[in-house]
Amino acid sequence: MAERLYDTILEEYPNLFSKDSKAQLTRWMLVDCATDDKTLDSDEFGTDKVVDIMLAYYEDIPEILTPIKVGGMDAEMLSELAAESEDTQSRRATLKKEVDILRNGLTQCRRYKPRGITSTPRDF
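Residue 1 is where the sequence shown starts when you use UniProt numbering, and the numbers rise one by one after that.
As structure tokens, then:
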């Protein structure tokens, strides 16, 4: 795959390989060459091609949800991106009630916990 990709780059962008050229290979050049059908044999599934394209495509993911972009979103968009499902919200509410019941029970247990025997001085 690498050799075929190299051959395709050499064929499509010969100026990249000249001594005097200041041209640089870009990610998009790689994507174009990787998606060229000539880089795959007819008997290959093309998984290398898919992985290469995916890596190039998702390289900019950290820039998609920047704090500035999130701060500029309306409440509906934020809810759509980050809200929990109704099932999860229901489960969270049920668990919160259970935690409250258990905390109240612990408070009652601590209140009625038998106290240890205290020692008193023998001589008054």
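Where is the CB? At the ideal position from N, CA and C, for every residue including glycine.
Here the structure is a predicted model, which means the values were calculated and not measured.
- Between residue 52 and residue 75, the gap from beta carbon to beta carbon reaches 7 Å or more.
- Counting every other CB atom within 10 Å of its CB across the protein chains shown gives residue 9 a total of 16 or more, marking it as buried.
- Two segments are said to touch when three or more pairs of C-beta atoms, one from each, lie closer than 8 Å; by this definition the stretch 56 to 65 does not touch the stretch 83 to 91.
- In the DSSP assignment, residue 76 falls within the alpha helix (DSSP H) that extends over 75 to 82.
- Under a 10 Å Cβ-count criterion, residue 97 is classified as exposed, with fewer than 16 other Cβ atoms of the shown protein chains found around its own Cβ.
- Residue 117 carries a coil assignment under DSSP once its states are collapsed to helix, strand and coil.
- Spanning the alpha carbons of residue 4 and residue 54 requires a straight line of approximately 18 Å.
- Sequence-distant partners of residue 31 (beyond 5 residues in either direction) whose C-beta falls short of 7 Å from its own C-beta, in its chain, are 53, 56.
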